Amino acid sequence: MVLPTVTAYALDREKVTLPKDFAAPLNLLILSFQRDQESAVEGWIPVMAPGKVQTWVLPISGRESGLYRWWVNASLRGNMPPSLPRRYWVPLYVNKQELLHALQVSSEKDVVLLLTDKSGHVLWRAAGPVTDSKKAALNEFVMKAH
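Residue numbers (the numbering used here): 72 to 217.
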């Protein structure tokens, strides 16, 4: 399973193409689908220290009008925690069904975590809010991967 190529604008207003722009050897993708998932997203952000693993927050929406995108992005910029640079918050306005199918995501009910290599190959996955057991499993996987 591989992250399909997607091009979007990060909240720093810079164009990003994923997975091409992955610079770290491992990338933790936090996929969110609904506004009420913000606390689950924020719970996962501090789990990985920068360096070996780069965390990316990818709010997923369907293809929307330019005005709607502007409004959502402005809202995200205003509400985002300072612990992650805006460069790594990349709202995706895509065909959701195609993306979810490609990533084998069966539900939008919970946030989805995907750990990928630099090419976007999914190496590890979890769903839902952060727990001690999920955090331990992720850290163990990262330690073995290096």
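Just so it is clear, CB atoms sit at the ideal spot from N, CA and C, and this is done for glycine as well. Bear in mind the structure is a predicted one, so any value in this text is a computation, not a measurement.
Between the CA atoms of Lys180 and Ala216 - distance to the nearest angstrom: Position 145 of the sequence shown, counted from the first residue, corresponds to residue 216. Position 109 of the sequence shown, counted from the first residue, corresponds to residue 180. Their backbone Cα atoms lie some 29 Å apart in a straight line.
Buried or exposed (CB count within 10 angstroms, at least 16 for buried), Ala81: Numbered from 1 along the sequence shown, position 10 holds the residue referred to as residue 81. Looking at its Cβ environment, which holds 16 or more other Cβ atoms inside 10 Å, Ala81 is buried.
Where Thr78 falls, given that 16 or more other Cβ within 10 Å makes a residue buried: Residue 78 sits at position 7 when you count from the first residue of the sequence shown. Exposed: under 16 other Cβ atoms inside 10 Å.
Nearest-angstrom Cβ-Cβ length linking Arg158 and Glu85, presumed shorter than 8 Å: Here residue 158 refers to the residue found at position 87 of the sequence shown. Here residue 85 refers to the residue found at position 14 of the sequence shown. Arg158 to Glu85, Cβ: 7 Å. Contact.
Helix, strand or coil at Ser177 [DSSP, three-state]: Residue mapping note: residue 177 aligns to position 106 of the sequence shown, counting from 1. Coil at Ser177, not helix or strand.
contact_flag[the region 160-168, the region 193-202] where n(CB pairs < 8 Å) is 3 or more: no
Which residues DSSP lists as bridging His57, in chain order: Any question about residue 57 goes unanswered here, given that the chain covers just 72 to 217.
Start and end residues, alpha helix (DSSP H) containing Lys215: Counted from its first residue, the sequence shown places residue 215 at position 144. Run containing Lys215: Asp203 to Ala216, per the alpha helix (DSSP H) assignment.
Whole beta strand (DSSP E) elements within the region 96-161, 3-residue minimum: 97-103 and 124-132
Reference Ile116; option with closest CA among Lys91, Pro156 and Ala94: Counting from 1 along the sequence shown, the entry for residue 116 is found at position 45. Nearest option by C-alpha distance: Pro156.
Burial state of Gln168, where buried means 16 or more other Cβ atoms lie within 10 Å: Residue mapping note: residue 168 aligns to position 97 of the sequence shown, counting from 1. Under this definition Gln168 is an exposed residue.
Where Lys167 sits in the DSSP three-state scheme: The count along the sequence shown starts at 1 and reaches residue 167 at position 96. Lys167 falls in the helix class under three-state DSSP.
Arg134 to Ser103 span [Cα, whole Å]: The residue labelled residue 134 in the question sits at position 63 within the sequence shown. The residue labelled residue 103 in the question sits at position 32 within the sequence shown. Rounded to whole angstroms, Arg134 to Ser103 spans 15 Å at the Cα level.
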